[in-house]
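**Student:** First the structure, which I've put down as structure tokens, then a few questions once you've had a look.
In our numbering, the protein residues as written are 3 to 812.
What follows is the structure, encoded as structure tokens:
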């Protein structure tokens with residue numbers, strides 16, 4: 003559809019504009035790097051070849067840039083035409099007549115290009131991965147293939163290789179230039195892909211981690227298959243296909259309607275019929291109001307139902323609230339983007355809905371559960387006395403959404419019956435606050451999503467499932483009884499549900515409780531350690547002492563100070579912390595140049611006791627004996643040098659004495675855990691700290707603490723926010739998959755703890771490790787999106803199917 007084409011065109015325009023700037027930056031930085039390299043007398047490259055390479059770059063710069071840019075543009079155009087379209091010939095079609103030998107030059111090119119591709123991929127793994135996911139989702143494909151990305155690194159690497167070999171005849175010069183230009187590309191490519199991702203983000207396309215397609219409703223899968231077949235036959239890709247599916251079979255526009263839920267189809271058709279047909283016009287109005295040709299063209303433009311629904315659910319959350327849904331609904335497709343629903347509640351309509359809510363509240367839970375998850379909003383909507391088209395549109399939208407939610411087989415049947423009792427309060431909330439549909443963070447939507455996510459994969463007969471069902475029933479009953487006009491009640495219930503879920507999962511067994519306590523202590527210790535190390539750095543960085551002493555203070559002694567502060571907090575007496583803090587001024591003083599014989603004599607007397615206290619402090623933090631020895635050995639040359647140095651001249655800089663240093667370090671506070679929660683950068687818990695905390699609690703756990711990628715960015719880390727306590731995942735190994743549940747997330751999202759079904763041994767992941775596991779497929783989400791978002795996707799598919807059946811549909 004047209005909306006998809008516009009987004010792709012925007013992404014292409016952004017990619018090509020940014021690429022031109024990237025190419026110029028690449029050449030400029032490569033030239034500067036080569037100049038600096040030639041100025042180095044110890045340069046590794048043969049100087050004559052390096053000079054020739056620099057000369058070739060300067061002489062052929064314009065031609066290289068032109069070839070680089072042209073080849074990449076051609077590759078992008080070709081990639082846009084062929085992405086997720088398999089044009090490769092099958093093995094059954096191959097014959098000896100179609101095969102040919104590959105020459106050495108081709109092999110060498112593939113090797114060099116392949117090496118650069120891998121290097122570029124490593125340098126921008128996070129943003130490139132997000133872009134690959136979003137492009138796959140636009141095409142409804144569950145398998146993410148980088149080769150389908152029209153902006154992939156291979157096109158860049160090949161364009162660079164071919165451009166250089168075309169303009170630079172000398173192989174050695176070309177090899178040097180290829181290496182230096184690659185260095186610059188690797189440094190900037192992550193930002194390049196981030197800029198392309200921003201186009202998709204701005205148009206509501208998020209990089210969701212895909213789940214198993216078999217969990218989708220059958221009629222939804224069939225509908226998607228029909229739409230994808232029609233999409234492929236018309237070369238109009240759809241961004242609204244559900245991300246968990248792949249390519250479908252053939253089908254026609256008319257046959258697709260037969261696969262839509264029989265209760266949903268009439269409502270969708272009614273929504274479509276209220277829109278003007280392309281070409282309709284009010285001749286009297288257009289003749290008398292003096293509209294310009296541009297304004298008249300805008301009036302005659304017919305809004306598309308899929309685009310209207312898309313814009314309805316993808317407006318920014320910070321929107322004006324003085325425009326009613328009627329204004330939004332009545333505008334053209336272009337006007338939908340500018341007007342967002344605001345207060346529209348009709349007192350009479352609300353009064354009728356209140357009556358239905360009271361009736362639902364009076365129904366006994368047992369009889370309501372026995373009736374199943376029946377959608378009553380279709381019948382209620384028909385009985386409501388609604389005259390304003392925007393209100394009718396809102397009621398129809400909510401009705402269809404609940405139909406899909408209550409048929410979602412990923413959610414257990416008993417839970418769907420509980421959710422069904424929320425349909426009337428949710429409708430009333432949408433009438434009171436229409437921006438609920440735009441706000442993914444709205445408490446009413448979040449409550450539905452969290453109830454669905456937390457119950458996926460639970461055994462209905464388990465104690466956990468029964469306790470969770472009781473809590474859901476309590477919250478549903480509270481909403482039915484207490485909800486009048488203040489939607490803040492949904493927020494209160496959401497908070498209660500989150501607290502209940504966290505408490506239940508954390509205390510499901512003793513092993514889980516102890517592992518969470520250990521992880522909490524490890525993260526707290528790491529937060530205070532970083533805060534203390536930063537404070538120490540501010541103090542010692544301007545001091546005139548050997549760098550080895552500074553490193554020891556910031557990397558080793560900071561741990562001692564934090565552990566001492568923890569002991570003082572536990573004992574309630576500040577004795578250990580000041581004792582080890584007082585070591586710092588003596589250590590710094592011992593590393594300063596000594597100006598008199600008396601100072602050297604004092605240093606000789608100080609050193610034995612100082613070394614002993616340093617050793618005791620390191621042992622207190624469980625530092626291994628060999629590491630203690632290594633740390634102390636690094637200080638020995640410093641003190642030897644101080645004792646050998648001659649007294650400085652009269653013009654030497656005056657150094658602070660012991661008292662001045664004690665005063666300087668007195669402002670250091672190795673705070674307790676409560677003072678270190680405000681962090682400006684992501685927290686990385688060291689494996690040794692976590693292992694020590696787990697050992698202290700007597701916990702055996704599987705720990706994965708891979709270091710973070712140096713190219714990680716905030717957008718990529720946002721993928722982890724899809725994981726909330728209670729989320730169900732699969733741990734995959736080969737052909738097997740074991741379900742597990744997330745039982746705890748640390749305050750700073752640095753640690754995640756899972757528990758496999760049927761096991762008590764916890765699995766602890768650092769944020770970087772979990773992100774890598776999600777992207778590699780080792781860990782997979784059971785949901786490709788929350789329940790409400792899945793319903794919106796199904797609504798979009800239905801809207802596309804109905805729109806395509808309309809006469810005159812483009």
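The beta-carbon is built from N, C-alpha and C at its ideal position, and this holds for glycine as well.
1. State the Cα-Cα distance for the pair residue 14 and residue 78, rounded to the nearest angstrom.
2. Compare the beta carbon distance of residue 775 and residue 766 with 7 angstroms and say whether it is the shorter of the two.
3. Kindly indicate which residue of 386, 503, 561 and 436 has the alpha-carbon position closest to the one of residue 468.
4. Quick check: the Cα distance between residue 1 and residue 127, rounded to an integer number of angstroms?
5. Let's test the definition: count the other Cβ atoms within 10 Å of the Cβ of residue 211 and tell me whether it reaches 16, buried, or not, exposed.
6. Where does residue 742 sit, in a helix, a strand or coil, going by DSSP?
7. Judging by CA-CA distance, which residue of 161, 576, 9 and 558 is the nearest neighbour of residue 137?
8. Short of 7 angstroms in beta carbon distance, which residues of its chain neighbour residue 547, apart from the five on each side in sequence? Order them along the chain.
9. Cα separation between residue 742 and residue 732?
10. Please classify residue 410 as buried or exposed, where buried requires at least 16 other C-beta atoms within 10 Å of its C-beta.
11. When the Cα atoms are used, what is the spatial distance from residue 264 to residue 758?
12. Which residues bound the beta strand (DSSP E) around residue 765?
13. Determine the direct distance from the alpha carbon of residue 130 to that of residue 123, and round the result to whole angstroms.
14. Could you give the C-beta distance for residue 395 and residue 273, rounded to a whole number, given that I count them as a contact under 8 angstroms?
15. When the Cα of residue 513 is compared with those of 151, 56, 174 and 700, which residue comes out closest?
16. For residue 583, which of 596, 561 and 602 has the nearest alpha-carbon?
17. Output the boundary residues of the beta strand (DSSP E) element that contains residue 734.
18. Quick check on the DSSP output: what are the complete alpha helix (DSSP H) runs of length 4 or more inside the stretch 389-462, in order along the chain?
19. Please classify residue 547: does DSSP put it in a helix, a strand, or coil?
20. Could you round the C-beta distance between residue 617 and residue 634 to whole angstroms and report it? I think they count as a contact, below 8 angstroms.
21. Within the present structure, is the beta-carbon of residue 513 separated from the nearest heavy atom of the ligand GTP by less than 6 angstroms?
22. Quick one, which of 415, 399 and 453 has its alpha-carbon nearest residue 429's?
23. Would you list, in sequence order, the uninterrupted beta strand (DSSP E) runs of no fewer than 3 residues that lie entirely inside the stretch 468-554?
24. Do the stretch 787-798 and the stretch 439-454 touch if we need at least three Cβ pairs shorter than 8 angstroms?
25. Could you check which residue in 482, 457 and 479 has the C-alpha nearest to that of residue 470?
26. Between residue 66 and residue 133, how many whole angstroms is the CB-CB distance? I'm expecting something under 8 angstroms.
27. Do you know how far the Cα of residue 507 is from the Cα of residue 393?
28. Which value, in whole angstroms, describes the spacing of the CA atoms of residue 843 and residue 794?
29. Between the stretch 29-49 and the stretch 179-188, can you find at least three pairs of beta-carbon atoms closer than 8 angstroms?
30. Rounded to a whole number of angstroms, what is the C-alpha to C-alpha distance between residue 750 and residue 276?
31. When we look at the beta-carbon of residue 778 and count the other beta-carbons within 10 Å, is it buried (16 or more) or exposed?
32. Anyone know if the C-beta pair for residue 351 and residue 388 falls short of 7 angstroms?
33. Rounding to the nearest angstrom, what Cα-Cα distance links residue 511 and residue 438 in this structure?
34. Between which two residues does the beta strand (DSSP E) harbouring residue 670 extend?
35. Excluding the 5 residues flanking residue 421 on each side, which residues of the same chain have their C-beta closer than 6 angstroms to its C-beta?
36. What are the residues that DSSP puts in a beta bridge with residue 747?
**Tutor:** So, from the listed chains and residues:
1. Distance between the alpha carbons of residue 14 and residue 78 is about 8 angstroms.
2. Remark: C-beta atoms of residue 775 and residue 766 do not approach each other more closely than 7 angstroms.
3. The option with the nearest alpha carbon to residue 468 is 503.
4. Past the boundaries of the shown model lies residue 1; the chain is included only from 3 to 812, so the question cannot be answered.
5. Because residue 211 sits at a pLDDT of 49, beneath the cut-off of 50, its placement in the model cannot be relied upon, and the point is left open.
6. It is a strand residue.
7. Nearest of 161, 576, 9 and 558 to residue 137, Cα basis: 9.
8. Excluding five sequence positions before and after residue 547, the CB atoms of its chain that fall closer than 7 angstroms to its own CB belong to 590, 593 and 594, given in chain order.
9. Approximately 6 angstroms, taken between the alpha carbons.
10. That one is buried.
11. Taking the straight line joining both Cα atoms gives about 40 angstroms.
12. Counting along the chain, the beta strand (DSSP E) containing residue 765 begins and ends at 764-768.
13. Looking at the two C-alpha atoms, the distance is approximately 7 angstroms.
14. The C-beta distance from residue 395 to residue 273 rounds to 6 angstroms, short enough to fall under 8 angstroms.
15. Among 151, 56, 174 and 700, the Cα nearest to that of residue 513 belongs to 700.
16. Answer by Cα proximity: 561.
17. Element bounds for residue 734: 730-735.
18. Qualifying alpha helix (DSSP H) stretches, in chain order: 391-408, 415-422, 425-434 and 445-457.
19. Secondary structure of residue 547 (DSSP, three-state): coil.
20. Residue 634 and residue 617 do touch by the CB rule: their CB atoms are close to 7 angstroms apart, below 8 angstroms.
21. Among the ligands in the structure shown, none appear at all, so the ligand GTP cannot be discussed.
22. Checked all of 415, 399 and 453; the closest Cα to residue 429 is 399.
23. Counting whole runs of 3 or more residues, the stretch 468-554 contains no beta strand (DSSP E) stretch at all.
24. The stretch 787-798, when compared against the stretch 439-454, does touch it at the 8 angstroms Cβ threshold.
25. Checked all of 482, 457 and 479; the closest Cα to residue 470 is 457.
26. The C-beta distance from residue 66 to residue 133 rounds to 26 angstroms, too long to fall under 8 angstroms, and the pair is not in contact.
27. Looking at the backbone, the Cα of residue 393 and that of residue 507 are separated by about 41 angstroms.
28. Any property of residue 843 remains undetermined from this structure, which presents the chain solely from 3 to 812.
29. Yes, since at least three Cβ pairs between the stretch 179-188 and the stretch 29-49 fall closer than 8 angstroms, the two stretches touch.
30. Going from the Cα of residue 750 to the Cα of residue 276 covers about 49 angstroms.
31. When all chains shown are included, residue 778 counts as exposed.
32. Here residue 351 is near residue 388, since their CB atoms are less than 7 angstroms apart.
33. If you take the alpha carbons of residue 511 and residue 438, they lie about 38 angstroms apart.
34. In the DSSP assignment, residue 670 falls outside any beta strand (DSSP E) and carries neither an H nor an E.
35. Hits under 6 angstroms: none found.
36. Looking at the DSSP output, residue 747 shares a beta bridge with 754.
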